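Peer 1:
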Amino acid sequence: MFPTFATSSNDWRFAGAFSFPAMTTPDPNSLPSNYDFAATEAEWYSRWSEHGVFTASAARAAQREPFVIVLPPPNVTAVLHVGHGLNSTVQDLLIRWRRMAGDEALWVPGTDHAGIATQNVVEKQIAVEGHTRFDLGREPFVERVEQFVAQTGGEILHQLKSLGSSADWTRTAYTFSPELSVAVREAFVRLWERGLVYKGHRVIHWCPRCGTSLSDEEAEFTETAGKLYHVRYLLADDAAQSITVATTRPETMLGDVAVAVHPDDARYAPFVGREVLLPITGVRIPVIADSYTDPTFGSGAVKITPAHDANDFDVGKRHALSMPVIIDADGIVREVELAAGRVPPSLAGLDRFVARDRIVELLTAEGALVKVEPHQHNVRHCYRCDTVVEPRLSDQWFVHMQPLAEKALAVLRSGQLRILPERWEAVYVNWLEGIRDWNISRQIWWGHRIPVWYCDACSSTAGTSTPIVSRDPVLFCPTCGGTVRQDDDVLDTWFSSWLWPFSTLGWPDRNSADLKAFYPGDVLVTAPEILFFWVSRMVMAGCWFLDETPFHTVYLHGTVRDMQHRKMSKSLGNGIDPVDVVRLYGADALRWTMVAGLGLGVDVMLDPDDLEKSFAPGRNFCTKLWNIGRFLLSRVGTEPVDPIGVLAPESLTAADAWILDRLDQAIADCDAALGPPRPSAHGAWTEAEKGRGLRLSEYAEAARRFVWNELADWYLESVKPRLATEGADREVARAVLAHAFDGALRLLHPIVPFITEALWQQLPQTPHPALLATAAWPKQRITRVLIGDAFEHTRETVQAIRKVRAEYNVQPGGWVDAILVASGPLATVLTAQLETIGVIARGRVVIAPIAPTGLASRIVLSNGVELVVPLAGMIDVAKERQRLDGEIAQLDKQLSALDGRLANEKFTAKAPPELVVAERAKAEEWRSRLEQLRAKLTALGE
RNA sequence: GGGUCGUUAGCUCAGUUGGUUAGAGCGCCACGUUGACAUCGUGGAGGUCACAAGUUCGAGUCUUGUACGACCCA
Numbered sequence: 047m048f049p050t051f052a053t054s055s056n057d058w059r060f061a062g063a064f065s066f067p068a069m070t071t072p073d074p075n076s077l078p079s080n081y082d083f084a085a086t087e088a089e090w091y092s093r094w095s096e097h098g099v100f101t102a103s104a105a106r107a108a109q110r111e112p113f114v115i116v117l118p119p120p121n122v123t124a125v126l127h128v129g130h131g132l133n134s135t136v137q138d139l140l141i142r143w144r145r146m147a148g149d150e151a152l153w154v155p156g157t158d159h160a161g162i163a164t165q166n167v168v169e170k171q172i173a174v175e176g177h178t179r180f181d182l183g184r185e186p187f188v189e190r191v192e193q194f195v196a197q198t199g200g201e202i203l204h205q206l207k208s209l210g211s212s213a214d215w216t217r218t219a220y221t222f223s224p225e226l227s228v229a230v231r232e233a234f235v236r237l238w239e240r241g242l243v244y245k246g247h248r249v250i251h252w253c254p255r256c257g258t259s260l261s262d263e264e265a266e267f268t269e270t271a272g273k274l275y276h277v278r279y280l281l282a283d284d285a286a287q288s289i290t291v292a293t294t295r296p297e298t299m300l301g302d303v304a305v306a307v308h309p310d311d312a313r314y315a316p317f318v319g320r321e322v323l324l325p326i327t328g329v330r331i332p333v334i335a336d337s338y339t340d341p342t343f344g345s346g347a348v349k350i351t352p353a354h355d356a357n358d359f360d361v362g363k364r365h366a367l368s369m370p371v372i373i374d375a376d377g378i379v380r381e382v383e384l385a386a387g388r389v390p391p392s393l394a395g396l397d398r399f400v401a402r403d404r405i406v407e408l409l410t411a412e413g414a415l416v417k418v419e420p421h422q423h424n425v426r427h428c429y430r431c432d433t434v435v436e437p438r439l440s441d442q443w444f445v446h447m448q449p450l451a452e453k454a455l456a457v458l459r460s461g462q463l464r465i466l467p468e469r470w471e472a473v474y475v476n477w478l479e480g481i482r483d484w485n486i487s488r489q490i491w492w493g494h495r496i497p498v499w500y501c502d503a504c505s506s507t508a509g510t511s512t513p514i515v516s517r518d519p520v521l522f523c524p525t526c527g528g529t530v531r532q533d534d535d536v537l538d539t540w541f542s543s544w545l546w547p548f549s550t551l552g553w554p555d556r557n558s559a560d561l562k563a564f565y566p567g568d569v570l571v572t573a574p575e576i577l578f579f580w581v582s583r584m585v586m587a588g589c590w591f592l593d594e595t596p597f598h599t600v601y602l603h604g605t606v607r608d609m610q611h612r613k614m615s616k617s618l619g620n621g622i623d624p625v626d627v628v629r630l631y632g633a634d635a636l637r638w639t640m641v642a643g644l645g646l647g648v649d650v651m652l653d654p655d656d657l658e659k660s661f662a663p664g665r666n667f668c669t670k671l672w673n674i675g676r677f678l679l680s681r682v683g684t685e686p687v688d689p690i691g692v693l694a695p696e697s698l699t700a701a702d703a704w705i706l707d708r709l710d711q712a713i714a715d716c717d718a719a720l721g722p723p724r725p726s727a728h729g730a731w732t733e734a735e736k737g738r739g740l741r742l743s744e745y746a747e748a749a750r751r752f753v754w755n756e757l758a759d760w761y762l763e764s765v766k767p768r769l770a771t772e773g774a775d776r777e778v779a780r781a782v783l784a785h786a787f788d789g790a791l792r793l794l795h796p797i798v799p800f801i802t803e804a805l806w807q808q809l810p811q812t813p814h815p816a817l818l819a820t821a822a823w824p825k826q827r828i829t830r831v832l833i834g835d836a837f838e839h840t841r842e843t844v845q846a847i848r849k850v851r852a853e854y855n856v857q858p859g860g861w862v863d864a865i866l867v868a869s870g871p872l873a874t875v876l877t878a879q880l881e882t883i884g885v886i887a888r889g890r891v892v893i894a895p896i897a898p899t900g901l902a903s904r905i906v907l908s909n910g911v912e913l914v915v916p917l918a919g920m921i922d923v924a925k926e927r928q929r930l931d932g933e934i935a936q937l938d939k940q941l942s943a944l945d946g947r948l949a950n951e952k953f954t955a956k957a958p959p960e961l962v963v964a965e966r967a968k969a970e971e972w973r974s975r976l977e978q979l980r981a982k983l984t985a986l987g988e
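Given below as structure tokens:
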């Protein structure tokens with residue numbers, strides 16, 4: 047059922063062919079002049095699906111190299127945007143490439159339950175009904191979210207199909223499925239058993255709107271124009287003296303427990319150990335010395351609010367200070383904990399930002415506000431709802447990350463893992479080396495409930511509060527048999543997605559066939575934004591739980607931006623809906639546009655206001671390819687062609703040899719741009735191969751150049767007359783034409799799968815193979831038929847004639863006379879080319895041993911041959927002289943530079959000898975050409 | 001404040017260990033509908049490789065500094 051791949055055949059065209067019940071072979075002569083991408087894309091996607099092209103097999107993976115990519119799971123409620131389009135195009139390209147190259151290619155798709163994001167969506171829905179989640183209660187709310195997900199979730203996966211994504215949909219996974227939930231609990235329990243999960247009481251990032259804690263990564267910095275308030279705190283024992291502190295958040299002064307100064311700061315030395323009075327409330331707090339204080343910032347004295355600032359929390363711990371909480375979970379100022387007498391009635395119940403304004407007023411009234419300065423600083427915002435994050439003291443679950451980070455660093459250093467572009471490796475290392483513990487508990491309801499239970503009876507009687515941590519639900523206390531209650535918190539969404547590369551393959555079941563066959567995977571394709579959120583955590587999880595990095599390559603692609611270089615986003619309204627693009631221009635046009643513009647790590651610029659212009663490269667390419675195919679196939683016809691391997695070398699023309707050589711070169715260029723697909727030895731990248739491959743735009747350019755600039759522009763033009771005459775040479779031309787186009791379509795298929803499949807089906811193949819999607823990736827010929835560079839002479843001659851024609855505005859239909867002045871072997875080579883040159887350049891071309899005299903346009907070709915185009919009565923002497931003058935001037939300049947270099951003894955002595963020899967030869971060549979040109983100029987003047 | 005990187009044609013970018021006359025796509029200019037293709041063809045213009053100094057026979061490429069910019073982290 048699946049193709050075998052020839053290893054030694056010179057003829058890879060049929061190597062991957064496997065027979066299907068005959069498909070209809072429409073007459074290529076009747077291909078419509080306009081490509082119907084909508085119908086074609088729908089038809090071929092369903093045929094690929096029907097034939098199981100996308101479905102990988104663990105059994106087959108034993109016989110060949112597996113190649114595995116896991117899709118970064120989009121949020122289950124997400125709608126496709128152009129970033130997803132870019133991301134999945136890259137993955138599909140790689141998967142299709144490796145599938146053709148003979149790997150057992152597996153692309154695992156799926157979605158993420160996206161705890162906070164999804165909960166927010168449903169909360170907004172019920173808000174319309176005038177309710178909060180608390181009105182509904184936990185279980186009904188979760189049911190409501192489940193319903194919502196069941197009804198609308200996963201739509202994005204269907205949208206991905208319209209882009210041609212060849213993911214294995216039979217393996218579609220979901221981070222909140224029963225199977226993956228098992229993996230989540232397993233991971234939590236294992237980390238607990240190793241002492242790496244713990245419950246901590248500390249200041250975390252709190253989103254008052256979402257009502258939950260956030261990890262460091264989820265609280266994003268935004269540059270904000272704020273104010274720096276300088277507030278005077280009077281000494282308790284001497285109201286004549288004071289300390290001024292600087293703060294950006296005056297409302298937190300209600301929770302101040304100290305003023306800290308640097309121990310070496312002489313200005314404040316006399317105050318240390320004494321007390322100051324908090325303005326407004328009059329609470330007495332000590333002045334302490336702590337080296338955390340930066341004496342150069344603000345006044346050099348800083349207020350300490352341990353419950354509402356992570357750094358202050360550390361200071362508070364060091365000095366055993368109390369930690370009053372004065373802002374509650376909703377962001378309201380009040381006496382929450384240990385704060386009796388700290389919040390005046392006039393401020394209690396106010397929102398934190400309203401309270402800030404009121405406090406500033408009160409401070410001003412009291413005369414405690416010294417000054418206010420404008421101040422640029424970074425403020426953390428919730429990555430889900432953009433609310434300003436409130437640092438808040440609370441109980442949370444953490445993972446102690448350092449042991450995991452060490453493993454993730456080790457695999458990078460050993461070369462088992464690489465990141466492209468390589469500069470991101472430094473960022474990765476930097477982050478892992480300074481890793482902080484991961485807050486994994488969230489105070490929301492939508493997510494994996496933390497697998498921890500408490501027995502109230504035991505903790506009150508025995509005085510132990512040891513939680514019961516379990517893989518399976520706990521119904522009764524194992525100690526006393528009493529009732530238990532489960533921890534209310536759920537796990538961070540990323541705690542399930544960090545297991546994605548193996549939880550989707552059946553882990554923790556070590557005997558899972560998929561896990562054995564497909565772990566570890568190969569490439570992870572994503573944007574740099576989630577390097578820490580997801581990528582590095584997956585590496586840590588893979589290394590920790592399975593002792594192997596989950597992939598050997600991380601490919602970080604650029605971001606899609608608009609013409610002002612702004613990231614495309616819903617809020618800016620500058621997004622592009624890929625579904626629109628597919629509807630207007632087709633998936634292939636979208637894919638080509640993105641891939642062609644995708645330099646390594648480079649952002650893709652698209653104009654949301656001008657889709658036509660933005661996607662013109664892809665649309666134009668597809669149109670051109672369709673026209674090439676339509677014309678070429680109509681000329682080749684439906685009769686079977688000879689396999690290229692059976693053609694006698696001597697039956698090939700210079701053009702045949704040239705295009706076959708160009709195809710070999712294109713294959714080599716594409717392979718070099720894409721590969722190597724995996725480390726060649728011992729699972730680790732060598733220094734030499736580490737930075738190579740995944741140059742997608744180079745791959746696209748190499749394939750484009752071949753099919754457009756070489757096959758269509760030159761070979762197809764040159765072969766027209768041969769096809770018009772019945773006979774052996776026509777059969778050679780047909781065979782070469784079919785072979786070259788077949789190779790081009792194979793090279794292009796990973797980028798533009800639909801149009802290439804549709805065209806490929808029209809090739810006259812025997813036996814008729816089934817699908818390009820599973821055909822073999824092209825290989826260079828082992829034996830090259832070399833006929834020198836005869837066809838290059840043709841190309842240069844044609845271009846020279848065209849230049850003369852353009853110069854003198856010869857009508858396209860008009861024919862010109864041209865004489866090639868040549869003798870010896872070169873004359874022989876050119877003689878064989880005269881007809882071809884004539885047809886392409888529309889010239890009556892002859893060879894002559896001596897240049898004819900008289901007025902003519904004369905061009906010296908690089909092979910020394912003089913091209914003479916008489917153009918009777920049309921030659922403009924001034925124009926000819928100007929052209930020759932220009933050429934002579936430039937060549938003269940270059941030659942003097944070269945001569946200067948050769949005259950430099952240091953150069954001839956120190957440069958590599960072969961270079962010196964080459965440069966001397968070049969100088970001679972230029973000198974003789976210069977003489978030729980000067981002779982022409984002289985002749986012109988006579 | 002720390003880290004990483006960038007600055008090459010009007011725009012977006014290649015340029016792999018220093019060594020041909022620095023390339024591509026798009027855009028621009030001229031001509032053109034010759035029976036595949038105007039979503040196209042042919043020809044052409046356009047760059048002191050940010051700036052300064054250094055190493056070298058030789059620098060877009062290596063070193064240092066300056067300017068501007070981007071991204072990540074605190």
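Mind the numbering: the first sequence is residues 47 to 988 in the working numbering, read in order.
Quick reminder that beta carbons are idealized off the backbone N, C-alpha and C, glycines included.
Predicted model only: the values in this text are computed from it and were never measured.
Taking C-alpha atoms, which residue in T954, G664, D655 lies nearest to R644?
Peer 2: Checking the sequence shown, residue 644 turns out to be Leu, not Arg. Checked all of T954, G664, D655; the closest Cα to L644 is G664.
Peer 1: As a quick exercise: from H494, V520, Q205, pick the residue whose alpha carbon is nearest that of C501.
Peer 2: Comparing C-alpha distances from C501 to each of H494, V520, Q205 shows the shortest one belongs to V520.
Peer 1: What's the gap between the Cα of D20 and the Cα of I373?
Peer 2: Nothing can be reported for residue 20: it is not among the residues displayed for the chain, which extend from 47 to 988.
Peer 1: Taking the alpha helix (DSSP H) that L671 falls in, what are its first and last residues?
Peer 2: 662 to 682
Peer 1: Examine the Cβ distances between the segment 146 to 162 and the segment 207 to 221 and report whether three or more of them are shorter than 8 Å.
Peer 2: Verdict: yes, contact present.
Peer 1: Rounded to whole angstroms, what's the CA-CA distance from G987 to A964? Just pull it up for me.
Peer 2: 35 Å
Peer 1: Out of D360, G528, E96, P799, state which residue places its alpha-carbon closest to the alpha-carbon of S337.
Peer 2: D360
Peer 1: Does the distance from the C-beta atom of H276 to that of S208 stay below 8 Å?
Peer 2: no
Peer 1: I need the boundaries of the beta strand (DSSP E) containing K349, first residue and last residue.
Peer 2: Per DSSP, the continuous beta strand (DSSP E) segment holding K349 begins and ends at 347 to 350.
Peer 1: Does DSSP classify E772 as helix, strand or coil?
Peer 2: coil
Peer 1: Rounded to a whole number of angstroms, what is the C-alpha to C-alpha distance between N121 and V168?
Peer 2: Near 14 Å, if we compare the C-alpha coordinates of V168 and N121.
Peer 1: What would DSSP say about M920, mapped onto helix, strand or coil?
Peer 2: coil
Peer 1: Secondary structure at S92, three-state DSSP: helix, strand or coil?
Peer 2: helix
Peer 1: Identify whether D397 lies in helix, strand or coil by the three-state DSSP scheme.
Peer 2: strand
Peer 1: Rounded to a whole number of angstroms, what is the C-alpha to C-alpha distance between R482 and L545?
Peer 2: 19 Å
Peer 1: Per DSSP, what are the beta-bridge partners of S288 in this structure?
Peer 2: Residue pairing of S288 in beta bridges, as defined by DSSP: L280.
Peer 1: Would you call P959 buried or exposed, if buried means 16 or more other Cβ atoms sit within 10 Å of its Cβ?
Peer 2: exposed
Peer 1: Which of the three DSSP states is assigned to K825 in this structure?
Peer 2: coil
Peer 1: What residue range does the alpha helix (DSSP H) around P799 cover?
Peer 2: 799 to 806
Peer 1: If you drop the 5 nearest sequence neighbours on each side, which residues of the same chain put their C-beta closer than 7 Å to that of R708?
Peer 2: Excluding positions up to five away in sequence, the list reads F752, E756.
Peer 1: For L466, which option in N166, R106, P858, R741 has the closest C-alpha, if you only look at C-alpha atoms?
Peer 2: R741
Peer 1: Please classify C589 as buried or exposed, where buried requires at least 16 neighbouring CB atoms within 10 angstroms.
Peer 2: C589 counts as buried, since no fewer than 16 other beta carbons sit within 10 angstroms of its beta carbon.
Peer 1: Taking the alpha-carbon of V435 as reference, which of N485, L260, L561 has the nearest alpha-carbon?
Peer 2: L260
Peer 1: On the DSSP bridge list, what partners appear for E269?
Peer 2: N424
Peer 1: From A821, Y244, S908, P316, pick the residue whose C-alpha is nearest to that of D835; which is it?
Peer 2: S908
Peer 1: When the Cα atoms are used, what is the spatial distance from V318 to D311?
Peer 2: 10 Å
Peer 1: Rounded to whole angstroms, how far is the Cβ of I331 from the Cβ of D284, which I believe are closer than 8 Å?
Peer 2: Their Cβ separation, rounded to whole angstroms, is 15 Å, which puts I331 and D284 out of contact at 8 Å.
Peer 1: Excluding sequence positions up to five away, which residues of its chain have a Cβ less than 6 Å from the Cβ of E971?
Peer 2: none
Peer 1: What is the DSSP secondary structure of D302, reduced to helix, strand or coil?
Peer 2: coil
Peer 1: Please report the residue range of the alpha helix (DSSP H) in which G493 lies.
Peer 2: Note, G493: premise wrong, no alpha helix (DSSP H); not H, not E.
Peer 1: By how many angstroms is the C-alpha of H446 removed from the C-alpha of V191?
Peer 2: When rounded, the separation of the alpha-carbon atoms in V191 and H446 is 31 Å.
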